[in-house]
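In the working numbering, the protein residues as written are 3 to 241. Virtual Cβ for every residue (Gly too), placed ideally from N, Cα, C. Source: prediction; values computed, not measured. Read the structure below first, then the notes.
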Amino acid sequence: MIIAAISDLDPLGFDLDPFWEMIKRTKQPDLFLLGGDIYEYRSPEIYGLIIDFLKLRKWKCPIVAVFGNREFDEDRDDIRKTCKKRITFLEEQSIELKIKNKKVGIVGTEGSLDIPTWWQWKNIPGIKKSYDKNREKVKKLLKNLKTDIKILLMHYAPTYKTLKGEEREIYGVLGSKKYEKILIETRPDFAVHGHAHYGIPLAFVGPVPVFNVCFTINRKIVEIDTNNLPKGGLAKFVK
């Protein structure tokens, strides 16, 4: 099964030509994941353009997404209306899909930060408690998935390991290493995130591959073959 993923198209602004070229170079996958920050600032219509691109390429695969920090809370209903159910958005939720006779389970969340941003501290009362609550919810959802393939889809990074290349001082505002314990305990087949524009494309938390699918790093749509997942740590020695 081929699962495609991308996030953080926000540096493109309204010039989606590079994304269109990426779509043209990519064969239709079995599942397409969007990791948030698909536009720069309050532009829900960008999602409509993306759907139009995929329609032109006759992509009929399921599309599952999470919101990023660019998709403000007050815009999310408009985004959903724009997508007209073509894209399924998950907010600390899970979905199970039947693809190629396999059950695919996806848990989606914006994620959390170890150090909330100044804006979050000022505008979201109890942000730390909210992040703690969301992590517990994600952990429970992952544990409850009984599927052939289990995926964690996030915007913020679930580990600092994919943040190499970013300034170490800002790791805490790019993700949360508290998710590492969740990855090890629940063992999804892989995790996908965005947000870290200058990180690295792949790292491992124990045996779990973690893909950073930011456009700025990969310059392409990332294609993940579930029959040939990369292995890290001791897992690479186990046949």
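ask   = In angstroms, rounded to a whole number, what distance separates the CA positions of Ile-153 and Pro-190?
value = When rounded, the distance between both Cα atoms is 5 angstroms.
request  = Starting from the C-beta of Lys-139, find all residues in its chain whose C-beta is less than 6 angstroms away, skip the five residues before and the five after it, and write them out in chain order.
outcome  = Glu-94
Spatial neighbours of Glu-47 in its chain, beta-carbon cut-off 8 angstroms, leaving aside the 5 residues before and after = Thr-84
task = Enumerate in chain order the residues of its own chain whose CB-to-CB distance from Pro-242 is below 6 angstroms, with the five nearest sequence positions on each side excluded.
result = Only positions 3 to 241 of the chain appear in the structure, and residue 242 is not among them; the question remains open.
inquiry  = Between which residues of its own chain and Lys-60 is the CB-CB distance below 8 angstroms, once the five residues before and five after are set aside?
reply    = Gln-30
ask   = Could you check where the beta strand (DSSP E) with Gln-122 kicks off and where it finishes?
value = Run containing Gln-122: none in the beta strand (DSSP E); it sits in the alpha helix (DSSP H), 120-125.
message = By the three-class DSSP mapping on this structure, what secondary structure does Cys-216 have?
response = strand
ask   = Considering only C-alpha positions, which residue in the set Asn-103, Val-66 and Tyr-43 is nearest to Asp-150?
value = Asn-103
ask   = Can you check whether the CB of Ala-67 is closer than 9 angstroms to the CB of Gly-38?
value = yes
ask   = Taking just the CA atoms, how far does Thr-218 sit from Pro-13?
value = 8 angstroms
request  = Would you mind listing the alpha helix (DSSP H) stretches within the stretch 69-153 that are 4+ residues and don't spill past its ends, in chain order?
outcome  = 78-85, 120-125 and 129-146
key: Lys-130 versus Leu-58 - alpha carbon distance   = 43 angstroms
query = Would you report the Cα separation of Thr-28 and Asp-17, rounded to the nearest angstrom?
reply = 19 angstroms
key: Other residues of its chain near Ile-5: CB distance less than 7 angstroms, five sequence neighbours each side excluded   = In the same chain as Ile-5, and ignoring 5 residues on each side of it, the C-beta atoms closer than 7 angstroms to its own belong to Pro-31, Asp-32, Leu-33, Leu-35, Ile-226 and Thr-228, in chain order.
request  = Measuring alpha carbon to alpha carbon, tell me which of Trp-121, Pro-118, Cys-63 and Met-156 ends up nearest Arg-88.
outcome  = Cys-63
query = Residues bridged to Val-210 by DSSP?
reply = Val-207
inquiry  = For Ile-97 and Ile-108, which I take to be in contact (beta-carbon distance under 8 angstroms), what is that distance rounded to the nearest angstrom?
reply    = Ile-108 and Ile-97 do touch by the CB rule: their CB atoms are close to 5 angstroms apart, below 8 angstroms.
Unbroken beta strand (DSSP E) run spanning Phe-192, endpoints = Run containing Phe-192: 192-195, per the beta strand (DSSP E) assignment.
key: Neighbourhood of Met-24 by C-beta, 7 angstroms cutoff - its chain only, sequence neighbours within 5 removed   = Lys-222 and Ile-223
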